[in-house]
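Read the structure below first, then the notes.
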Amino acid sequence: MEKLKYLLFSFLLLLFLVSISLSQTEASEPILTISLKQVYSTSEEINISFWFGFSNSTPLQNSSLNISLISENLKYNIIHQTNENGEAYIYFPNLAEGNYNLTVVGIYEGKEFMNFSSFVVKEVTEENETLENETINFNISTQKEKYSVNESVGFDIHGPKNTSFLLLIEGSNLNMSFELQTDENGSCQFSQTFYTPGNYSARINEAVINFEVVEEKIEKNLSLEMKKEISLNESIEFNISGTPETNFSLEVIAPTNLTIFSIFAKTDENGIFKTEFQSNQTGTYSVNLSFEGGSILDYFEVKEEKTEFKISTQKEEFLKGEQIDFAIFGPANVSFQLSLEGPIKILSDLNTDESGQAIFSTVL
């Protein structure tokens, strides 16, 4: 009986340990948080805390955190261990006045997890004692809620006149701080360009404005020009034009419904591409031009080449026994048969010369 109790206790303990392991395994990737104020005075001790763990509140114990603090004239690089609660604390006494950027990196299963933040240290004066007990009210706005990548975002800021303040801009992987000042009317205009799409927030004390940066897709458009009718063994030129540097595929499908020509290419910086194709079979061919955003289907006809000749004489009436000269014009170096029909019938095999001309003389 005692042995059965011992086995049952061991099984429950093992089940408990496995459930703890699974709860951590099933959690998402760990997160790394920073807790600090945005503004400190030169006379106060700066306390910053960190937490490293999973979103289900499971801490990562005894994990190394690489902490870097950088300002214009200062650089700290410190390594701290998290405690049993996944926490770490750091103290910076007597930091000089200025803007500071803080970076912390934690490692889990060989992968780095990073977070950023910024704060400012100011010297308290009689004219400006607003760091701890007084909050200056500001208003911040943007012209719109959504901007494109590489588009300048303008911030319209209003607050007390001739007052310095810190503008904090945060994104998914971005933290920036800018020390600005209102003019004699209490206003300040500031612009910043963002190169990464995502959701951003701009903050001054308690005033916050949110906006989004999106990657604008350029609409692709191409056109196709070609002859509608060509002769057998004649080359046809495809002229493609439209949006510059657009990838496309071009297929030529024969009357037998087989693809006999295909090409993958892209238009040049002027949006132009040209290529040729030579047919060896008569019939109707289809051409399919496919590109991002659309496709074009067109047709052309290949016909048997017709050989045309022109024939002339010196005049329309001749006397009996008078020589008649026939001047014949057609393709160069081509064999043909001349047929004269009347009271008598004459057949003669002839050839045009390099200029496409032949002469035939007879007496009737």
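Using the numbering used here, the first residue of the sequence shown is number 770, and each one after it goes up by one.
For each residue, glycine too, the CB sits at the ideal point set by N, CA and C.
Collapsed DSSP secondary structure at residue i in the structure displayed
i            : result
residue 1122 : coil
residue 875  : strand
residue 1084 : coil
residue 830  : coil
residue 1034 : strand
residue 1040 : coil
residue 844  : strand
residue 1078 : coil
residue 1046 : strand
residue 951  : coil
residue 801  : strand
residue 962  : strand
residue 859  : strand
residue 1020 : strand
residue 988  : coil
residue 905  : coil
Identified DSSP bridge partners for residue i
i            : result
residue 1072 : 1000
residue 976  : 973
residue 995  : Looking at the DSSP assignment, residue 995 forms no beta bridge with any residue, so it has no partner.
Straight-line Cα distance separating residue j from residue i
i            : j            : result
residue 1030 : residue 1016 : 17 angstroms
residue 884  : residue 803  : 8 angstroms
residue 1091 : residue 1132 : 6 angstroms
residue 836  : residue 866  : 20 angstroms
residue 853  : residue 952  : 50 angstroms
residue 881  : residue 874  : 6 angstroms
residue 989  : residue 998  : 29 angstroms
residue 1098 : residue 1073 : 20 angstroms
residue 1082 : residue 1075 : 24 angstroms
residue 821  : residue 947  : 28 angstroms
residue 1060 : residue 1011 : 11 angstroms
residue 1109 : residue 1126 : 18 angstroms
residue 996  : residue 1095 : 37 angstroms
residue 1121 : residue 1057 : 41 angstroms
residue 1172 : residue 843  : No information on residue 1172 is available, as it lies outside the stretch 770 to 1133 that the chain covers here.
Chain D contact for residue i (CB, 8 angstroms cutoff)
i           : result
residue 980 : In summary, chain D is missing from the structure at hand, where a single protein chain is found.
Classification of residue i by the beta-carbon crowding that lies within 10 angstroms, buried from 16 upward
i            : result
residue 929  : exposed
residue 1068 : exposed
residue 860  : exposed
residue 965  : exposed
residue 851  : buried
residue 1087 : exposed
residue 926  : buried
residue 1117 : exposed
residue 858  : exposed
residue 938  : buried
residue 1034 : exposed
residue 795  : Its pLDDT being 43, under 50, residue 795 is placed unreliably in this model, and the value from its coordinates should be taken loosely. With fewer than 16 other Cβ atoms within 10 Å, it is exposed.
Residue closest to residue i, alpha-carbon to alpha-carbon, out of the options
i            : options                  : result
residue 1038 : 1009, 866, 848 and 1082  : 1009
residue 922  : 934, 962, 864 and 1059   : 962
residue 978  : 1083, 915 and 847        : 915
residue 917  : 858, 982 and 889         : 982
residue 950  : 1019, 907, 1113 and 1063 : 907
residue 1004 : 1035, 1045 and 848       : 1045
residue 1036 : 828, 1123, 838 and 992   : 992
residue 987  : 812, 1053, 841 and 1062  : 1062
residue 805  : 974, 1040, 920 and 815   : 815
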